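First up is the structure itself, then whatever we jot down about it.
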Amino acid sequence: MFWKTAADASRRPCSLAAHLSAWHIASTSLLLTAATVFLYWALVRGFEREDDHHLAEKISVLGTLLGEPARNARMIGWEVEAESLTHPGARTLSRILEPDGGVRVETSGMTEELPAARFPEPGTPRHGIRVESGGRTYRLMAAEAQGFRIQVALDLEHEGELLAGYRRQLWLVLGVGLVAAVLVGYRISHRGVRPLKEISAAMRRTSSTRLNERLETRGLPAELSTLAGTFNAMLDRMEEAFNRLSQFSSDIAHELRTPVNNLRLNVEVALSRERPAEEYRETLGSLLEEFVRLSRLIDSLLFLARTENPQTLIRREALRVDQELAAIREFYEAPASEGGVTLQVEAPQAVTAALDRTLFQRAVGNLIENALAHTAAGGSVTLGAIQADRRVLVSVSDRGCGIPASELAHIFDRFRRADPSRSRHSGGLGLGLAIVKSIAALHGGEVRIDSEVGRGTRVTLEFPADSAMTKT
2 MFWKTAADAS RRPCSLAAHL SAWHIASTSL LLTAATVFLY WALVRGFERE DDHHLAEKIS
62 VLGTLLGEPA RNARMIGWEV EAESLTHPGA RTLSRILEPD GGVRVETSGM TEELPAARFP
122 EPGTPRHGIR VESGGRTYRL MAAEAQGFRI QVALDLEHEG ELLAGYRRQL WLVLGVGLVA
182 AVLVGYRISH RGVRPLKEIS AAMRRTSSTR LNERLETRGL PAELSTLAGT FNAMLDRMEE
242 AFNRLSQFSS DIAHELRTPV NNLRLNVEVA LSRERPAEEY RETLGSLLEE FVRLSRLIDS
302 LLFLARTENP QTLIRREALR VDQELAAIRE FYEAPASEGG VTLQVEAPQA VTAALDRTLF
362 QRAVGNLIEN ALAHTAAGGS VTLGAIQADR RVLVSVSDRG CGIPASELAH IFDRFRRADP
422 SRSRHSGGLG LGLAIVKSIA ALHGGEVRID SEVGRGTRVT LEFPADSAMT KT
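In terms of my numbering, the sequence shown has 16 at position 15, counting the first letter as 1, and numbering is strictly consecutive.
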């Protein structure tokens, strides 16, 4: 059937419009066919009920007349014969049988058309049966009244002609409906997928140089509007990530250029003429410093790349944070004393958290190095730790030069230096705070910074409640 063919076609690889069109046509065809069959069935059932009612009335009239057969003999004969003559469009045949089975009266020619044996046995409720006889179709009914058996039949030839005409009309309507369903389904399906085609075209236009384009969500259906919004949000993330990657690549190239140029310059100077062994040793020492700088830069970049991998695992263990801070202070005591800076720990209570010891020490160490670099002689750097509201807060505070407010929003970006005037030899790589932020994120925490120019800076590492007092 048509809808089966459409359903089979929809399973073959084709466009979404073809799928929608096929299913629309199949479903519409099924509905039209079902409606047509139902209407035809209802009409046939209506004819059958009307025929049964007509036959039952005929039997009732004959049964009443048979109440006084001698008095009503002429009326019985007329009732049996006259209707078939006066109503040829709905010809009714009647027969009355005596109790012994003999025919008392019947419509002329009825025995040849419908012998008595073709009729059903009398019974209730009265329902007619449909039989074929002599190339014609009849509806038969039989009943008993006043000791007689009454048999009536209705010729269905005229009714059959009406049903045949009705079937032709139904097939015509069904055919027109199917053609209309094809045309409407094709139009609806193509209009329905037009927004998808526009979205698909926009996706094809998307490239690394056109990440700023966005899909127009106005006028779209709710489902496609959600899809377009999701795609726009993905483009936002892609554009942000691509911009960060481009900036990161530029920063790496810029950072690598200086040590590579220094290495090349030192080697060229050393090879320009014969020199004493002492000068070669100085040159090699200078080269070693640049190699160390390159090694630190590469290690830091690799570390940041690992922390950005969502599958990176950390080894948590229950740490006494106050004791760890005391050990870190002891490690940095020498460089702090050399710079004339006081390094102290303020942890009024025993603070315990589940942290990765190595990563925690590196994060705090980076903050201390930053604080020492920005604190003049005579200043102080304070390490603190408290546990409140099921959070662990670790802070590093200094009384150095502070950071301008315009720089705070970008202070954790890679290769960002709060003081651009600091040289790369006296300053760091610009990756320390970025590493601190990554370590905090690995623990499910965050990092905050508060600073005021001329009064100092305070950086706080905050770890969530589920890391506190948890051992993994």
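Think of the CB as a built atom: it goes at the ideal place given N, C-alpha and C, for glycine as much as any other residue. Everything numeric in this text was worked out from a predicted model, so none of it was measured.
- Could you work out which residue in F304, V261, V393 is closest to S287 when comparing CA atoms only? Residue numbering aside, residue 287 sits at position 286 when the sequence shown is read from its first letter. Among F304, V261, V393, the Cα nearest to that of S287 is on V261.
- Query: Quick one: Cα of Q362 to Cα of A441, how far?
  - Reply: Along the sequence shown, one-based indexing puts residue 362 at 361. Along the sequence shown, one-based indexing puts residue 441 at 440. Going by the C-alpha atoms only, they are around 12 Å apart.
- Does the distance from the CB of A377 to the CB of G403 come in under 8 Å? Position 376 of the sequence shown, counted from the first residue, corresponds to residue 377. Position 402 of the sequence shown, counted from the first residue, corresponds to residue 403. For A377 and G403, no; Cβs fall outside 8 Å.
- Below 6 Å CB to CB, which residues in the same chain sit around T343 once its five sequence neighbours on both sides are set aside? As a first step, residue 343 must be located in the sequence shown, where it is residue number 342. Excluding sequence neighbours, T343 sits near S381.
- Helix, strand or coil at Q362 [DSSP, three-state]: Numbered from 1 along the sequence shown, position 361 holds the residue referred to as residue 362. Annotated three-state conformation of Q362 is helix, per DSSP.
- Rounded to a whole number of angstroms, what is the C-alpha to C-alpha distance between L264 and E291? Translated into the one-based positions of the sequence shown, residue 264 becomes position 263. Translated into the one-based positions of the sequence shown, residue 291 becomes position 290. Taking the straight line joining both Cα atoms gives about 7 Å.
- Item | Euclidean distance between Cα positions of N267 and E283 | The count along the sequence shown starts at 1 and reaches residue 267 at position 266. The count along the sequence shown starts at 1 and reaches residue 283 at position 282. Cα to Cα, N267 sits roughly 10 Å from E283.
- Query: Within 10 angstroms of its Cβ, does L32 collect 16 or more other Cβ (buried), or is it exposed?
  - Reply: Counting from 1 along the sequence shown, the entry for residue 32 is found at position 31. By the 10 Å Cβ count, L32 comes out exposed.
- Message: Out of I151, V104, A181, R140, which one is the CA nearest neighbour of T29?
- Response: Counting from one through the sequence shown, the residue named residue 29 turns up at place 28. Selected option, being the one with the closest Cα: A181.
- Query: Quick one, are the C-beta atoms of V395 and V365 less than 8 Å apart?
  - Reply: Reading the sequence shown from its first residue, position 394 is the one you call residue 395. Reading the sequence shown from its first residue, position 364 is the one you call residue 365. It is a contact, given that the beta carbons lie within the stated cut-off.
- Item | Whole-angstrom C-beta distance between L326 and A355, which should lie under 8 Å | Counting from 1 along the sequence shown, the entry for residue 355 is found at position 354. Counting from 1 along the sequence shown, the entry for residue 326 is found at position 325. About 16 Å separates the two Cβ atoms, so there is no contact after all.
- If you compare alpha carbons, which of S134, G136, A117 is closest to A144? Translated into positions along the sequence shown, residue 144 becomes position 143. When only C-alpha atoms are compared, the closest one is A117.
- Do L179 and D52 have their CB atoms nearer than 8 Å? Looking up residue 179 in the sequence shown gives position 178. Looking up residue 52 in the sequence shown gives position 51. No, they are not a contact pair.
- Message: Helix, strand or coil, according to DSSP, for F120 in the structure here?
- Response: Numbered from its first residue, the sequence shown carries residue 120 at position 119. Note: F120 maps to coil in three-state DSSP.
- Message: Can you list, in chain order, the residues of its chain with a C-beta nearer than 8 Å to that of P222? Leave out the 5 residues immediately preceding and following it.
- Response: The count along the sequence shown starts at 1 and reaches residue 222 at position 221. Same-chain partners within the cutoff: P196.
- Message: Less than 8 Å between the beta carbons of V448 and L432, yes or no?
- Response: Numbered from 1 along the sequence shown, position 447 holds the residue referred to as residue 448. Numbered from 1 along the sequence shown, position 431 holds the residue referred to as residue 432. No, Cβ-Cβ distance for V448 and L432 is not below 8 Å.
- Measure the CB-CB distance between Q152 and L66 and report whether it falls below 8 Å. For this step, residue 152 is matched to residue 151 along the sequence shown. For this step, residue 66 is matched to residue 65 along the sequence shown. No, the pair does not count as a contact, with Cβ atoms beyond the cut-off.
- Query: Do you know whose CA, among G129, R215, E58, lies nearest R238's CA?
  - Reply: Here residue 238 refers to the residue found at position 237 when the sequence shown is read from its first residue. Out of G129, R215, E58, R215 has the C-alpha closest to the C-alpha of R238.
- For D237, name the three-state secondary structure that DSSP assigns. Locating residue 237 in the sequence shown gives position 236, counting from the first residue. The DSSP-derived three-state label of D237 is helix.
- Between W79 and V62, what straight-line distance do the alpha-carbon atoms span, to the nearest angstrom? Stepping through the sequence shown from its first residue, residue 79 is reached at position 78. Stepping through the sequence shown from its first residue, residue 62 is reached at position 61. Rounded to whole angstroms, W79 to V62 spans 12 Å at the Cα level.
- Message: Checking 8 Å against the spacing of the C-beta atoms, do P121 and R150 come in under that value?
- Response: Along the sequence shown, read from residue 1 onward, the residue named residue 121 stands at position 120. Along the sequence shown, read from residue 1 onward, the residue named residue 150 stands at position 149. No; because the gap between Cβ atoms is not below 8 Å, this pair is not in contact.
- What did DSSP end up calling R93 once you bin it into helix, strand or coil? For the purposes of this step, residue 93 is taken as the residue at position 92 of the sequence shown. The residue you asked about is not Arg; residue 93 is Thr in the sequence shown. The answer is strand: DSSP assigns T93 an E or B state.
- Query: Cβ of R392 within 8 Å of Cβ of P465?
  - Reply: As a working mapping, residue 392 is identified with position 391 in the sequence shown. As a working mapping, residue 465 is identified with position 464 in the sequence shown. Taking C-beta atoms as the reference points, R392 and P465 count as a pair closer than 8 Å.
- Task: Enumerate in chain order the residues of its own chain whose CB-to-CB distance from M204 is below 8 Å, with the five nearest sequence positions on each side excluded.
- Result: What you label residue 204 is simply residue 203 of the sequence shown in a count that begins at 1. F232, listed in sequence order.
- Neighbour-count burial assignment, N244, 16 or more Cβ in a 10 Å radius: On the sequence shown, residue 244 is found 243 positions in, with the first residue counted as 1. Result: exposed.
- Neighbour-count burial assignment, M142, 16 or more Cβ in a 10 Å radius: What you label residue 142 is simply residue 141 of the sequence shown in a count that begins at 1. Label assigned to M142: buried.
- Mark T112 as exposed unless 16 or more other C-beta atoms lie within 10 angstroms of its C-beta, in which case mark it buried. One-based indexing of the sequence shown puts residue 112 at position 111. With fewer than 16 other Cβ atoms within 10 Å, it is exposed.
- Message: For L44 and T34, what's the separation of their Cα atoms in angstroms?
- Response: Looking up residue 44 in the sequence shown gives position 43. Looking up residue 34 in the sequence shown gives position 33. Going from the Cα of L44 to the Cα of T34 covers about 15 Å.
- Taking Y333 as the reference, which of T383, L289, T353, L320 has the closest Cα? Residue 333 sits at position 332 when you count from the first residue of the sequence shown. Selected option, being the one with the closest Cα: T383.
- Which term fits A27, buried or exposed, when burial requires 16 or more other beta carbons within 10 angstroms of its beta carbon? Your numbering for residue 27 matches position 26 in the sequence shown. Result: buried.
- Query: Nearest-angstrom Cα distance between L175 and M76?
  - Reply: The sequence position of residue 175 within the sequence shown is 174, counting from 1. The sequence position of residue 76 within the sequence shown is 75, counting from 1. Straight across, the Cα-Cα distance linking L175 with M76 is about 49 Å.
- Item | Per-residue burial, D300 [other beta carbons within 10 Å of its own, 16 or more giving buried] | Here residue 300 refers to the residue found at position 299 when the sequence shown is read from its first residue. Flag for D300 reads exposed.
- Could you confirm whether any beta carbon from chain D is found closer than 8 Å to the beta carbon of R96? Protein chain content of the structure displayed is limited to a single chain, and chain D is not contained in it.
- Message: Report the CB separation of T138 from E114 in whole angstroms; it is logged as a contact under 8 Å.
- Response: For this step, residue 138 is matched to residue 137 along the sequence shown. For this step, residue 114 is matched to residue 113 along the sequence shown. Going by Cβ atoms, the distance from T138 to E114 rounds to 12 Å, so no, they are not a contact pair.
- Item | Distance between S452 and I369 (C-alpha atoms, nearest Å) | Position 368 of the sequence shown, counted from the start, is the residue given in the question as residue 369. Position 451 of the sequence shown, counted from the start, is the residue given in the question as residue 452. Linking I369 to S452 through their CA atoms gives a straight-line distance of about 15 Å.
- Message: Less than 8 Å between C-beta atoms, sequence neighbours within five positions excluded: which residues of the same chain meet that for D323?
- Response: For this step, residue 323 is matched to residue 322 along the sequence shown. Counting only residues of its own chain and dropping the five nearest sequence neighbours on each side, D323 has a CB closer than 8 Å to the CB of V346, A348, Q350, A351, V352, A386.
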